[in-house]
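The sequence shown begins at 1006 in my numbering and counts up one residue at a time. Here a beta-carbon is modelled for each residue, glycine too, at the ideal position from N, C-alpha and C. Note that this is a predicted model, so its numbers are computed, not measured. Only one structure is covered here, and it is reproduced in the block below.
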Amino acid sequence: SKRRGKYVEMRSWHLETPEKKEVPSVLNPVSNTVVADVQELPHAVQTLHWVAPQTYLGNRVSYYGGFLTYQSKSFGIPSE
């Protein structure tokens, strides 16, 4: 029988624009979080998405039915 495992690997996650341009981000190994400061991006950039590293892709049957937990924080008001 298969056991459901917990997989927590934050290295190599990155943020991209729809044009596949990577937004600089930093891994905080103490909190195991990835942080990207999007405040200085051009106003035209309205959409971003996180890209999972290769280790999250492919056949992950042992993680079927699991959860991907994330948190998004915003600080300040975007410039107009």
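| query | result |
| --- | --- |
| Leaving out five residues on either side along the sequence, give the residues of the same chain with a beta carbon under 7 Å from the beta carbon of GLU1024. | none |
| So, is LEU1062 buried or exposed, given that buried needs 16 or more other C-beta atoms within 10 angstroms? | exposed |
| Give me the DSSP bridge partner(s) of HIS1054. | GLU1021 |
| Let me know if SER1006 comes out buried or exposed under the rule of 16 or more other beta-carbons within 10 Å of its beta-carbon. | Since pLDDT at SER1006 reaches only 49, below the 50 mark, its modelled position is unreliable, and the value read off the structure follows with that caveat. Exposed, because fewer than 16 other Cβ atoms sit within 10 Å of the Cβ of SER1006. |
| My output table needs one value for THR1038: the three-state DSSP class, helix, strand or coil. | strand |
| Based on DSSP bridge pairs, tell me the residues matched to VAL984. | Residue 984 cannot be examined here, being either before or after the span of the chain that is shown, 1006 to 1085. |
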